[in-house]
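First to last, the protein sequences are chains G and V. By the numbering used here, the letter at position 341 of the first sequence is numbered 341, and the numbering carries on one by one without gaps. By the numbering used here, the letter at position 555 of the second sequence is numbered 1227, and the numbering carries on one by one without gaps. In this text, a Cβ means the ideal position worked out from N, Cα and C, and glycines have one as well. Notes for the one structure printed next.
Protein chains: 2
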Amino acid sequence: MPVVSNKCIEDIKNERKKCTFNIQELTNYLDGGAEKTKERKHLEDYFLSDPELKDAVPIEYLSHKEKYENAIRISCLLFKKVNAWLSQHESGSAMEAYQSILGGTLGSAVMKEGFPFAVHYVMFIPTILGQGTMAQQAYWISRAWNCEIMCTYAQTELGHGTFIRGLETTATYDPSTEEFVLHSPTLTSYKWWPGGLGHTCNYAVVLAQLYTKGKCHGIHPFVVQLRDEETWMPMPGIKIGEIGCKLGMNTVNNGYLGFDKVRIPRDRLLMKNSKVLKDGTYVKSQNEKLTYGTMIFVRVVIIKGVAVTNLAKAVTIATRYSSVRRQSELKPGEPEPQILDYQTQQYKLFPAIAAVFAIRFSATWLWDVYNSVSTDLEHGDMEKLPELHAMACCLKAVCTDDVNRMIEICRFACGGHGYMTCSNFPNIYGTLTAAVTYEGENTVLLLQTARYLIKAWHQRNTSKTMTGTLKYLQEYKTSSLYLPWNRTLHCIANAFHLVAAGKIKSCAENIDHLTQKGVSPEDAWNHNSIELTQAAQAHCKAFIVDIFVKETEIIMTSEPVQKVLVQLCELYAIYWLLNNLGDFLVYSNLNISNVEELRQKFTSLLSDIRPNAVGLVDSFDIHDDILGSALGAYDGNVYERLFIEANKSPLNAEPVNESFHKYLKPFLKSNM
Amino acid sequence: MPVVSNKCIEDIKNERKKCTFNIQELTNYLDGGAEKTKERKHLEDYFLSDPELKDAVPIEYLSHKEKYENAIRISCLLFKKVNAWLSQHESGSAMEAYQSILGGTLGSAVMKEGFPFAVHYVMFIPTILGQGTMAQQAYWISRAWNCEIMCTYAQTELGHGTFIRGLETTATYDPSTEEFVLHSPTLTSYKWWPGGLGHTCNYAVVLAQLYTKGKCHGIHPFVVQLRDEETWMPMPGIKIGEIGCKLGMNTVNNGYLGFDKVRIPRDRLLMKNSKVLKDGTYVKSQNEKLTYGTMIFVRVVIIKGVAVTNLAKAVTIATRYSSVRRQSELKPGEPEPQILDYQTQQYKLFPAIAAVFAIRFSATWLWDVYNSVSTDLEHGDMEKLPELHAMACCLKAVCTDDVNRMIEICRFACGGHGYMTCSNFPNIYGTLTAAVTYEGENTVLLLQTARYLIKAWHQRNTSKTMTGTLKYLQEYKTSSLYLPWNRTLHCIANAFHLVAAGKIKSCAENIDHLTQKGVSPEDAWNHNSIELTQAAQAHCKAFIVDIFVKETEIIMTSEPVQKVLVQLCELYAIYWLLNNLGDFLVYSNLNISNVEELRQKFTSLLSDIRPNAVGLVDSFDIHDDILGSALGAYDGNVYERLFIEANKSPLNAEPVNESFHKYLKPFLKSNM
């Protein structure tokens, strides 16, 4: 190893000295208390100290097939280890432990590109619990929980994603044998995407159009055996394989599945809700909305577990790197400055730091509402479900879109080194960017929220007091646009609500205008859909800012922590205001004469946050193994790590690659 | 193969029937004439019909090492084939042929992740030509051109990129032996990134700080032998290897290089400009600016060859896919519509189609100016160099940033399938996004343009008529902000200039204000650098719009082609106006009362372009093998291709993977 300067390590140490607040205090606050921090670290140590769970060669050097085989090896080891942990620890449910490993940051340290067993725990078991009868639950949960079988959940088809009613797979009941016949009538009806489906699972919940007595009753869930339990060979009539390489998540083993008239017993239809009797009589579900729950739950997990954690990783890496990287000159003759001192660099990183807090607080709100609505639902009360659904839709869309963009900005902030796989940016991006599309494509979700908002707009004068997130629509008055502007956070937060209301109002009026001219409501809707998505985004941003402001008001921390959180809240709000300045000038009480002052405030906030930047990302307390980045480790020893990582490449194991003798030397000697 | 519906193929055929203009006419126009189109297709056929140049297994399934070995095999074949082509065809220079293969779209069909030989042609040979004496050229060019040696260009170091003066590698002259001693004093001084450096090259131009007679004379280029020509073993004192996996371009074989007091003869310093005499006397260059040329040339190539072609690919794939993908419902009970009929989908794709034209026209302008300035430079006339440099900087930055974002929007527009490697989006993005950082990091480039603009702003009253791209600064009057708004393209284009001038003016005033208060000029600059980058972006966008408008005015095509180009020009301008609406309200004569009308115009342009969308991307005429996408092929047969691609995965070659027997079965039988 060549000489390494100790300067970067000194640079990052100095950053920590500059920090104006107690980092540990903020970590505990984010974890939900010092005890929770301790528990988290205990769990991390247990898994991350195990050498068996570490890859000898980083997986990016392996072939696709080797990656898969390694993933199965590690998964088996890991899940045994989870079991051992569970038998030693009484606190927390088993499901929580699995979730913290499969959905949380911990799993990403052990398996960067995702688990082939994930859907077994995240989708199969919850679906059986939610849609199986007691007898079905008893049978399938016990087999699945003990890992006698490995299962997945097959809904999406090659030609059908968003629009569930469009699924083509059929399940036709044959009363003569009391069986369902599963069939894929076309190539587009092949199931496509389920995790673990390729080669890892032998059972699946399959969603199919139920036909009985010649009539279609829509989509229902069936448990289907895919592979023989002993030989693992595909069952007769089952066409199965993996779907191939992807931008990321290449160890998830996403698969395809086609049926050639596959027969399954009648009791494989999950019948908690709807039933088919022996003679083929269809008995309808009492309450179809109950299946909403899982969908909303998954979106909460995406915001909290995927969006927040991946942004926290990205901005930790970029901020620490920016504190040790020195480049160019601010003043002639002076030493090269830390790049964190450039205003343009602060502009790339600090809004992302603020967004980690902003999105986290909104996710916590959503999680609390989800739990409270779930309890209500058990008592048959569905009143708050539409608001929960609308907020889950737009928050999932806005947060994953914002984080998607911000991760790339963090990567660019690290220059060429951010392009290296060992920076971990490629993997962080590959993981997060999938969430823009899965579990509800973002544009589709925004339009769902927009539909809720337009309906609310029309009802605002006739309905009684609206729920919390809609109250501003009832309070909206055109005269608000003439309120004097002031510098307070409340004034800014109120402007976000004015923009949202103004955009919703404008969409509603444009749609009405078109329908009055004789355009069909559907065409009028489609013709305004760009603006409708933007109205939903504005509603969501107003909500996030509002929650952030409230959090800074009720927060129970020391004054230095509170002060920096207020700065981040202001930065977040003004950043998005300036990024949508046109909307604020059109729809809020902000005037052109106020803009320059806001810009000045914004840049002075960057300067205020500068000394705390490294402290803030430290407070996320991401274990070096979870961060997985040569650029972002706690000690700042960037260059040594880059060099060590480079030398893990199998190409570097030999001074001369055999392709020289085989191809290159004959070519160079051929006198072209 | 299961049943495939012929519907998507019909859908795309119907799109072509709808097209209002002659697609071939537009193709010829973009190629520069029917003859050029014919030549291009001839070259494409020659290379793309060769089965030897096709990979049996898509490279994404290979290990990193296998990818490299395959790349060397294919490169040797390909370059022999280029030579054969050259000996058969007299038209065009050899260098042009290499460039069209290495830098153009053709190369990407043969080797998706880049060539390990590229730097040999793109950087090494031009550097010898630009900086070597006649004797040095005679010796090195003949060896390099005949491929007796394989070479690279080593400038960037592990700790130093943008700031060339900060490079640490030293070359100290020893008059006693008439040698230079190359040395890497630290780990951060290791060369890092050069393509082909890892295992492919045996010579390099190395940039190092030249020391002679105890004095440093700054960065100079040296030719250094890295590996033995017969054994390919690293030469004594040379520490060399590859830098590891990256987000993309994994067959480029980027390498690192350290020197432990490596001695090279004096004549290995390229001495066309500066010299070191035998006794160690340093003789200074007469004209240091001449090396600017290559740098600008590379940026022109990035805009034309990398940004435009990759965006054209991305939007071709997404538009064709959107014409065959059917999803959800616009009206209850009607069949699922083509997703291209959704306004939100048009919003994702059509601005990208427009951008292909916009960027292309600007790139052509830049290319023409580059050639004219190069001629001027040969006559010692450097007057137009600053404008060329300033435009090359901001165009490279703005175009790669825009394209980077638009490629991802195109990918998202394809839903989950865009995440598949076989969509080719991951590779297109991996290739383009590197260009955001390399050859001048975009933020740094924007600040270089900003420096030129601020200087021009201060000189606008004292200097005589300013060059074309700055004229608007001289013409700027505050009273322009009160000009009446109208719907013409000229009014919009003028507003772009008002915004640019307004932002430059605001930056200049803010900087002056701070320096008058006693802030140092450097700190005042840094404190305004966010706004400065945005001013440079505004200048660049105004330029692109201006060039696009002019092109539509002088274009010599039939009326239907011209009509659609005008629509695209309007769409491009209004898209960016609405995306920066705040700036237009603050700095131009656009008023809040004009906004709604612009929005209406924008959505009606989307409807106008809708029937021509597939025709427009067809006019880019990208060969299916160059497009390399299961989603984007000409015939629209999307689902069959996705299925065929999935089955190329080596994992699908066996029904049961061996990891079942080794790991999974024991795990499932262990009664966890």
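Going by C-alpha distance, which of the options is nearest residue i?
{"i": "leucine 1153 of chain V", "options": "V:Ala1172, V:Leu879, V:Cys819", "result": "V:Ala1172"}
{"i": "tyrosine 1244 of chain V", "options": "V:Ile1226, V:Gly1088, V:Phe1029", "result": "V:Phe1029"}
{"i": "glutamate 69 of chain G", "options": "V:Ser1342, V:Tyr1335, V:Thr1224", "result": "V:Tyr1335"}
{"i": "threonine 557 of chain G", "options": "G:Asp11, G:Ala34, G:Glu10, G:Lys13", "result": "G:Ala34"}
{"i": "histidine 220 of chain G", "options": "G:Thr170, G:His64, G:Val315", "result": "G:Thr170"}
{"i": "lysine 737 of chain V", "options": "G:Pro666, G:Leu668, G:Val656, G:Lys669", "result": "G:Val656"}
{"i": "threonine 431 of chain G", "options": "G:Gly114, G:Tyr173, G:Leu102, G:Ile504", "result": "G:Gly114"}
{"i": "glutamate 1225 of chain V", "options": "V:Leu1237, V:Phe1215, V:Ala1214, V:Ile1216", "result": "V:Leu1237"}
{"i": "lysine 331 of chain G", "options": "V:Lys1213, V:Lys739, V:Leu801, V:Ser1192", "result": "V:Ser1192"}
{"i": "alanine 397 of chain G", "options": "G:Lys41, G:Leu226, G:Ala435, G:Tyr46", "result": "G:Ala435"}
{"i": "histidine 1061 of chain V", "options": "V:Val782, V:Glu1231, V:Phe969", "result": "V:Phe969"}
Against residue i, what residues of chain G qualify as contacts under a CB-to-CB distance less than 9 Å, listed in chain order?
{"i": "methionine 905 of chain V", "result": "Pro655, Val656"}
{"i": "phenylalanine 719 of chain V", "result": "Simply none; closest approach about 17 Å."}
{"i": "serine 1201 of chain V", "result": "Tyr342, Gln343, Thr344, Tyr347"}
{"i": "glycine 704 of chain V", "result": "Those do not exist, as glycine 704 of chain V stays about 30 Å from chain G at its closest Cβ, beyond 9 Å."}
Anything in chain V within Cβ reach of residue i, meaning under 7 Å, just list it in chain order.
{"i": "phenylalanine 412 of chain G", "result": "Val1108, Thr1109"}
{"i": "glycine 198 of chain G", "result": "Leu1323"}
{"i": "glycine 628 of chain G", "result": "Per Cβ cutoff of 7 Å: no residues; glycine 628 of chain G is ~13 Å from chain V at best."}
{"i": "asparagine 526 of chain G", "result": "Leu1002, Tyr1014, Gln1015"}
Apart from the five residues just before and just after residue i, which ones in its own chain have a Cβ nearer than 8 Å to its Cβ?
{"i": "threonine 533 of chain G", "result": "Thr443, Leu446, Leu447, Ala450"}
{"i": "alanine 1305 of chain V", "result": "Arg992, Asp1296, Leu1299, Arg1313"}
{"i": "proline 1322 of chain V", "result": "Val729, Tyr733"}
{"i": "isoleucine 1025 of chain V", "result": "Val987, Thr991, Leu1240, Ile1281, Ala1285, Leu1288, Val1289"}
Can you tell me whether residue i is buried or exposed? The criterion is at least 16 other CB atoms within 10 Å of its CB, across all chains shown.
{"i": "threonine 1137 of chain V", "result": "exposed"}
{"i": "glutamine 827 of chain V", "result": "buried"}
{"i": "serine 1342 of chain V", "result": "exposed"}
{"i": "histidine 458 of chain G", "result": "exposed"}
{"i": "histidine 513 of chain G", "result": "exposed"}
{"i": "cysteine 888 of chain V", "result": "exposed"}
If you draw a straight line from the alpha carbon of residue i to that of residue j, how long is it in whole angstroms?
{"i": "aspartate 368 of chain G", "j": "threonine 860 of chain V", "result": "49 Å"}
{"i": "isoleucine 836 of chain V", "j": "glutamate 336 of chain G", "result": "12 Å"}
{"i": "isoleucine 975 of chain V", "j": "glutamate 52 of chain G", "result": "48 Å"}
{"i": "lysine 689 of chain V", "j": "aspartate 618 of chain G", "result": "60 Å"}
{"i": "tryptophan 864 of chain V", "j": "methionine 921 of chain V", "result": "15 Å"}
{"i": "asparagine 647 of chain G", "j": "aspartate 932 of chain V", "result": "18 Å"}
{"i": "glutamate 36 of chain G", "j": "threonine 105 of chain G", "result": "According to the sequence shown, residue 36 of chain G is lysine rather than glutamate. Each residue's Cα considered, the two are about 15 Å apart."}
{"i": "threonine 212 of chain G", "j": "proline 351 of chain G", "result": "56 Å"}
{"i": "cysteine 507 of chain G", "j": "alanine 392 of chain G", "result": "21 Å"}
{"i": "alanine 1167 of chain V", "j": "isoleucine 1202 of chain V", "result": "21 Å"}
Going along chain G in order, which residues have a C-beta closer than 8 Å to the C-beta of residue i?
{"i": "valine 895 of chain V", "result": "Going along chain G, no residue has its Cβ under 8 Å from valine 895 of chain V, so there is no contact; the nearest lies around 17 Å."}
{"i": "alanine 1318 of chain V", "result": "Gly241, Glu242, Ile243, Gly244, Tyr256"}
{"i": "glutamine 999 of chain V", "result": "His160, Gly161, Thr162, Phe163, Gly166"}
Can you find the residues in the same chain that come closer than 6 Å, C-beta to C-beta, to residue i, ignoring five residues on each side of it along the sequence?
{"i": "leucine 158 of chain G", "result": "Thr188, Tyr190, Trp192"}
{"i": "asparagine 580 of chain G", "result": "none"}
{"i": "serine 677 of chain G", "result": "Nothing in the structure corresponds to residue 677 of chain G, since chain G is present only between 1 and 672."}
{"i": "glutamate 896 of chain V", "result": "For the record, residue 896 of chain V in the displayed sequence is valine; it is not glutamate. Only Ala876, Val878, Ile936 meet the Cβ criterion."}
{"i": "asparagine 589 of chain G", "result": "Leu481, Leu483, Trp485"}
Spatial neighbours of residue i within its chain, please: C-beta separation below 7 Å, excluding the five flanking residues on both sides.
{"i": "alanine 97 of chain G", "result": "Val82, Trp85, Leu86"}
I want to verify the contact list: residues of chain G whose CB lies under 7 Å from the CB of residue i, in sequence order.
{"i": "leucine 1243 of chain V", "result": "By Cβ distance, chain G contributes nothing, its closest Cβ being about 13 Å from leucine 1243 of chain V, past 7 Å."}
{"i": "leucine 1170 of chain V", "result": "Within 7 Å Cβ-Cβ: nothing; leucine 1170 of chain V doesn't reach chain G, min ~14 Å."}
Give me the chain V residues within the contact set of residue i, using Cβ-Cβ distance strictly less than 9 Å, ordered along the chain.
{"i": "histidine 183 of chain G", "result": "Within chain V, no residue comes near histidine 183 of chain G; the closest Cβ sits about 11 Å away, beyond 9 Å."}
{"i": "isoleucine 574 of chain G", "result": "Within 9 Å Cβ-Cβ: nothing; isoleucine 574 of chain G doesn't reach chain V, min ~12 Å."}
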